[in-house]
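When we follow our numbering, the leftmost residue of the sequence shown carries the number 8, and every step to the right adds one.
Each residue gets a CB set at the ideal place from its N, CA and C atoms; glycine is no exception.
The structure appears below as structure tokens.
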Amino acid sequence: PRLDEGAIAMQIWRIPSISLEQSNQISLRVEREVKGAFPEVKTIVSRTGRPEIATDPMGVEISD
8 PRLDEGAIAM QIWRIPSISL EQSNQISLRV EREVKGAFPE VKTIVSRTGR
58 PEIATDPMGV EISD
């Protein structure tokens with residue numbers, strides 16, 4: 008059966024040499040654009056540089 012939780016997941020990849028501050032600025036800009044394009048979106052959570060699984064490498068250039 009199809010599962011529809013009413014949620015989407017996306018990953019943002021940036022150049023590896025990006026600073027944490029720049030990475031956060033990009034995440035905030037993407038969040039604003041998503042909310043502007045989809046008014047039904049109520050909550051957005053961004054996690055930067057911290058993988059869901061502790062053994063996966065994930066630098067500040069990656070957000071999900």
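- With distances taken between CA atoms, S53 lies nearest to V41 out of P8, A61, I22 and V41.
- Counting only the Cα atoms, A16 lies some 20 angstroms from P8.
- Straight through space, the alpha carbons of G66 and I33 are spaced by roughly 15 angstroms.
- Here the alpha carbon of K49 sits roughly 25 angstroms from the alpha carbon of E28.
- Excluding sequence positions up to five before and after S70, its CB lies within less than 6 angstroms of the CB of I19, S34, S53 and T55, all in the same chain and listed in chain order.
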